[in-house]
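2 protein chains.
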Amino acid sequence: MSTQLKLIGMALIVQKFGGTSVGDADRIRAVADHVARTRAAGNDVVVVVSAMGKFTDDLIHLADQVSPTRPPRELDMLLTAGERISMALVSMALSDCGVESASFTGSQAGIITDTDHTRAKILEMRPDRIREAIDSGLVPVVAGFQGVSTDRDITTLGRGGSDVTAVALAAALHADVCEIYTDVTGVFSADPRVVPKARRLAKVSFDEMMEMAATGGRVLMLRSVEFARRHGVPLHVRSSFTWEPGTWIVEEDPTMEEAIVAAITDDTSEAKLTVDGVPDRPGVAATLFRKLSDRGINVDMIVQNTGTNGLTAISFTVARTDLEAARATCDEVKDEIGAALVTSVEKIGRVSIIGAGMKTSPGVTALMFETLSTHGINIDMISTSSIRISCVVEAEKVADAVRALHTAFGLDAA
Amino acid sequence: MSTQLKLIGMALIVQKFGGTSVGDADRIRAVADHVARTRAAGNDVVVVVSAMGKFTDDLIHLADQVSPTRPPRELDMLLTAGERISMALVSMALSDCGVESASFTGSQAGIITDTDHTRAKILEMRPDRIREAIDSGLVPVVAGFQGVSTDRDITTLGRGGSDVTAVALAAALHADVCEIYTDVTGVFSADPRVVPKARRLAKVSFDEMMEMAATGGRVLMLRSVEFARRHGVPLHVRSSFTWEPGTWIVEEDPTMEEAIVAAITDDTSEAKLTVDGVPDRPGVAATLFRKLSDRGINVDMIVQNTGTNGLTAISFTVARTDLEAARATCDEVKDEIGAALVTSVEKIGRVSIIGAGMKTSPGVTALMFETLSTHGINIDMISTSSIRISCVVEAEKVADAVRALHTAFGLDAA
Numbered sequence: 097m098s099t100q101l102k103l104i105g106m107a108l109i110v111q112k113f114g115g116t117s118v119g120d121a122d123r124i125r126a127v128a129d130h131v132a133r134t135r136a137a138g139n140d141v142v143v144v145v146s147a148m149g150k151f152t153d154d155l156i157h158l159a160d161q162v163s164p165t166r167p168p169r170e171l172d173m174l175l176t177a178g179e180r181i182s183m184a185l186v187s188m189a190l191s192d193c194g195v196e197s198a199s200f201t202g203s204q205a206g207i208i209t210d211t212d213h214t215r216a217k218i219l220e221m222r223p224d225r226i227r228e229a230i231d232s233g234l235v236p237v238v239a240g241f242q243g244v245s246t247d248r249d250i251t252t253l254g255r256g257g258s259d260v261t262a263v264a265l266a267a268a269l270h271a272d273v274c275e276i277y278t279d280v281t282g283v284f285s286a287d288p289r290v291v292p293k294a295r296r297l298a299k300v301s302f303d304e305m306m307e308m309a310a311t312g313g314r315v316l317m318l319r320s321v322e323f324a325r326r327h328g329v330p331l332h333v334r335s336s337f338t339w340e341p342g343t344w345i346v347e348e349d350p351t352m353e354e355a356i357v358a359a360i361t362d363d364t365s366e367a368k369l370t371v372d373g374v375p376d377r378p379g380v381a382a383t384l385f386r387k388l389s390d391r392g393i394n395v396d397m398i399v400q401n402t403g404t405n406g407l408t409a410i411s412f413t414v415a416r417t418d419l420e421a422a423r424a425t426c427d428e429v430k431d432e433i434g435a436a437l438v439t440s441v442e443k444i445g446r447v448s449i450i451g452a453g454m455k456t457s458p459g460v461t462a463l464m465f466e467t468l469s470t471h472g473i474n475i476d477m478i479s480t481s482s483i484r485i486s487c488v489v490e491a492e493k494v495a496d497a498v499r500a501l502h503t504a505f506g507l508d509a510a
Numbered sequence: 097m098s099t100q101l102k103l104i105g106m107a108l109i110v111q112k113f114g115g116t117s118v119g120d121a122d123r124i125r126a127v128a129d130h131v132a133r134t135r136a137a138g139n140d141v142v143v144v145v146s147a148m149g150k151f152t153d154d155l156i157h158l159a160d161q162v163s164p165t166r167p168p169r170e171l172d173m174l175l176t177a178g179e180r181i182s183m184a185l186v187s188m189a190l191s192d193c194g195v196e197s198a199s200f201t202g203s204q205a206g207i208i209t210d211t212d213h214t215r216a217k218i219l220e221m222r223p224d225r226i227r228e229a230i231d232s233g234l235v236p237v238v239a240g241f242q243g244v245s246t247d248r249d250i251t252t253l254g255r256g257g258s259d260v261t262a263v264a265l266a267a268a269l270h271a272d273v274c275e276i277y278t279d280v281t282g283v284f285s286a287d288p289r290v291v292p293k294a295r296r297l298a299k300v301s302f303d304e305m306m307e308m309a310a311t312g313g314r315v316l317m318l319r320s321v322e323f324a325r326r327h328g329v330p331l332h333v334r335s336s337f338t339w340e341p342g343t344w345i346v347e348e349d350p351t352m353e354e355a356i357v358a359a360i361t362d363d364t365s366e367a368k369l370t371v372d373g374v375p376d377r378p379g380v381a382a383t384l385f386r387k388l389s390d391r392g393i394n395v396d397m398i399v400q401n402t403g404t405n406g407l408t409a410i411s412f413t414v415a416r417t418d419l420e421a422a423r424a425t426c427d428e429v430k431d432e433i434g435a436a437l438v439t440s441v442e443k444i445g446r447v448s449i450i451g452a453g454m455k456t457s458p459g460v461t462a463l464m465f466e467t468l469s470t471h472g473i474n475i476d477m478i479s480t481s482s483i484r485i486s487c488v489v490e491a492e493k494v495a496d497a498v499r500a501l502h503t504a505f506g507l508d509a510a
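Chains as they are written, first to last, in the working numbering: chain A, 97 to 510; chain B, 97 to 510.
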């Protein structure tokens, strides 16, 4: 089924609008106008909204003023006020455009989550009221980012939660597309702030988008892309300022030629730890990473190298905010695993090249290493997947690395 | 059962905090501290909160910017964000005071209303979750002003709605008292801004309080006092700035001596209409007031006088905001009822004396009229109940009238 073709006729479209897209009264009216046009073209529309602009940050600031502890259940109750405001205003504006509409909280929309406040996971979707609303000709406007737990308490879905709401609703309602409206015009071949010659990509595969999200791409969070892929929901990332078509994120189409390298990403939010002089025997890595996992520390890249002396060095990267906790954990297990030394680097850089065509194109790795070398950039760690190569480099050299690779792989806009 | 006695031991107390009482982070922490003390004294507490300070007004302003029509369902969804914020913050602050607590929306608290958005009426209370919370040792913090309709939509209870929430919860939970915390220290013998010598009343009967609320008393709305009387919920109006005991509003106690006049109220929010030269035949008043009622215009005082010529004059008062609509209605029915003339006065004043002891004290009416006459204040309309006498006078003379009557009836503080 071709999604683009289907959109010519009647389709069900989920349109998600981020904080800048509903940042003030004018933006909200512009959103309503766009929804009305989509509706007038013969489509059913479900709208998902984030809180206005920086309102969520303002609420967090208020909570900080009141309470040093900010109990998570109450923080969730507080933060969900943000989408409540934006969804009611969007629904009002729709009504003024002659579009009948009704707003629904996460709870009313049937978004059932676990009880893990401030970062709840969706367990089940029961969007009966949303379906009823669509069937009776309304445009439902749903609060993003929020749900109701199996304990009947209000929860939030954590960072990028509004995208997750939109994708989950699109999946449950068998929508034809989930449109993510934001303040950029789509997904680019590199961060345009780093690479002025970066190009907007018309189409990216789920696999590529997941690798991009995991390695520093800022447009979509990994979680919502994973969810969309699992449920086969085509995503369309586009701008609510220009309203032009943006980037489609879809299943790989085997009949099409794939770009060898589609995009270069960069990330300077991580730190590196090295546990050195560890006897090379079974169970050492298991002990270390089990302990890190038990403490809720997410490990990203892991590299292990054994020298000729039978001692091994394990290096891994974590979010910089987790560095202190990870360091303490390593110090604790140091004796248990017989390690000689724990060292850390607070700020590292990572540059990644991503492309579905890499699977069938030898020589990509060599070109990447040569390019970095030519530009005097030393490689500290390497990790690869079938469609990605990441190199850890000095943080200050990341931007140079991205620009050099963007040029080397022929991605610069004419 | 003496409520005051019972409060020495373990009691269930509903404490309602208005917008100024939770106006900023400091006020919220002060509220939490007070609740913690009440709890430490061995009482169970249920907290009901309004939105912070002027936040509801800010939301209405935002709605005005976005939408000229402001559909009522969406306006309710919008406004309920206000209590959501204050209740989460109060619950956080309680937790910091070592008081276990959980916040609940109107819907979660089981406040079931009709579907009349922006001014819904409570149909049923199902506070199961609140009871469970109390039983498990928590202090529930409930959003005032809001409920969920029989159509499962979010509703608001209209002006004074948070007091109604508090009283309804107190009734449903069989609380020993409902404490209404506000920015004044209680109910006064007259508005202290008008009469500097006004005294705080330690105790007022429900009947007196209802008459005061109906004739310009600004501390409590008629609706919540009615509700409290119907369910026998003692009210205690007090200050969240001084935390001192305020005014108890309770059932009349037949063993106690009643004040002849407890309070003088004033009101300058009404307008007067007169339909003159009407043939005195049955059905004329019915026709007029049915039509006004059908248009949602609330009529307050009504006075009818028939002259010797067989023609009658009907005067009545309405909220000034309804004057235009009422005037149009009168003009429409003028011919139907054969009236000669419709006149109106845009701004009238009303002064009322209220006291349960009036029932058994002749001479009160005479003293009131004499006092006004002595001060050169002309009486335009008169209406009475068994415990109240109201006179319509020139709006500019209302303050003089209140002060003169306050002195004449011996209410001035020493």
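Glycine included, C-beta positions come from ideal geometry on N, C-alpha and C.
Source: prediction; values computed, not measured.
Roughly how many whole angstroms lie between the Cα atoms of residue i and residue j?
i: residue 356 (chain B); j: residue 500 (chain B); result: 16 Å
i: residue 185 (chain A); j: residue 127 (chain A); result: 11 Å
i: residue 220 (chain B); j: residue 445 (chain B); result: 38 Å
i: residue 431 (chain B); j: residue 376 (chain B); result: 14 Å
i: residue 149 (chain A); j: residue 155 (chain A); result: 12 Å
i: residue 102 (chain B); j: residue 331 (chain B); result: Caution is warranted here: a pLDDT of 48 is assigned to residue 102 (chain B), below 50, making its placement in the model unreliable, and the coordinate value is therefore given only provisionally. Near 14 Å, if we compare the C-alpha coordinates of residue 331 (chain B) and residue 102 (chain B).
i: residue 234 (chain B); j: residue 198 (chain B); result: 7 Å
i: residue 202 (chain A); j: residue 248 (chain A); result: 12 Å
i: residue 389 (chain A); j: residue 143 (chain A); result: 37 Å
Please decide whether residue i counts as near chain A, where near means a Cβ-Cβ distance under 8 Å.
i: residue 113 (chain B); result: no
i: residue 165 (chain B); result: yes
i: residue 221 (chain B); result: no
i: residue 101 (chain B); result: Confidence at residue 101 (chain B) is low in this model, with a pLDDT of 43, below 50, so its placement is unreliable and the value that follows should be read with caution. Judged by the 8 Å Cβ criterion, residue 101 (chain B) is not in contact with chain A.
i: residue 229 (chain B); result: no
i: residue 198 (chain B); result: yes
i: residue 158 (chain B); result: yes
i: residue 181 (chain B); result: yes
i: residue 338 (chain B); result: no
Would a C-beta distance cut-off of 8 Å place residue i and residue j closer than the cut-off?
i: residue 147 (chain B); j: residue 178 (chain B); result: yes
i: residue 468 (chain B); j: residue 487 (chain B); result: yes
i: residue 38 (chain B); j: residue 308 (chain B); result: No information on residue 38 (chain B) is available, as it lies outside the stretch 97 to 510 that chain B covers here.
i: residue 271 (chain A); j: residue 285 (chain A); result: no
i: residue 277 (chain A); j: residue 114 (chain A); result: yes
Under 8 Å between C-beta atoms, does residue i make it to chain B?
i: residue 98 (chain A); result: Interpretation of residue 98 (chain A) is limited by its pLDDT of 43, a score under 50 that renders its predicted location unreliable; the figure taken from the coordinates is listed afterwards. Closer than 8 Å: no.
i: residue 494 (chain A); result: no
i: residue 195 (chain A); result: no
i: residue 161 (chain A); result: yes
i: residue 125 (chain A); result: yes
i: residue 132 (chain A); result: no
i: residue 155 (chain A); result: yes
i: residue 187 (chain A); result: yes
i: residue 524 (chain A); result: Outside the displayed range of chain A (97 to 510) lies residue 524 (chain A), so it cannot be described from this structure.
i: residue 121 (chain A); result: yes
i: residue 169 (chain A); result: yes
Quick one: give me the first and last residue of the alpha helix (DSSP H) that residue i is part of.
i: residue 306 (chain A); result: 302 to 310
i: residue 326 (chain B); result: 318 to 327
i: residue 385 (chain B); result: 380 to 390
i: residue 148 (chain A); result: Run containing residue 148 (chain A): none; DSSP gives neither H nor E here.
i: residue 170 (chain A); result: 168 to 175
i: residue 129 (chain A); result: 121 to 136
i: residue 454 (chain B); result: Residue 454 (chain B) -> no alpha helix (DSSP H), and no H or E assigned at all.
By the DSSP assignment, the beta strand (DSSP E) with residue i in it spans what residues?
i: residue 111 (chain A); result: 108 to 113
i: residue 434 (chain A); result: From DSSP, residue 434 (chain A) is part of no beta strand (DSSP E); its letter is neither H nor E.
Residue i and residue j look like a contact to me (Cβ under 8 Å); what is the Cβ gap, rounded to whole Å?
i: residue 336 (chain A); j: residue 260 (chain A); result: Contact doesn't hold; Cβ gap of about 19 Å is too wide.
i: residue 441 (chain B); j: residue 368 (chain B); result: 4 Å
i: residue 237 (chain B); j: residue 362 (chain B); result: The Cβ separation is near 36 Å, so there is no contact.
In chain C, which residues lie less than 7 Å from residue i when you measure between Cβ atoms?
i: residue 215 (chain A); result: Chain labels in this structure do not include chain C; the protein chains are A and B.
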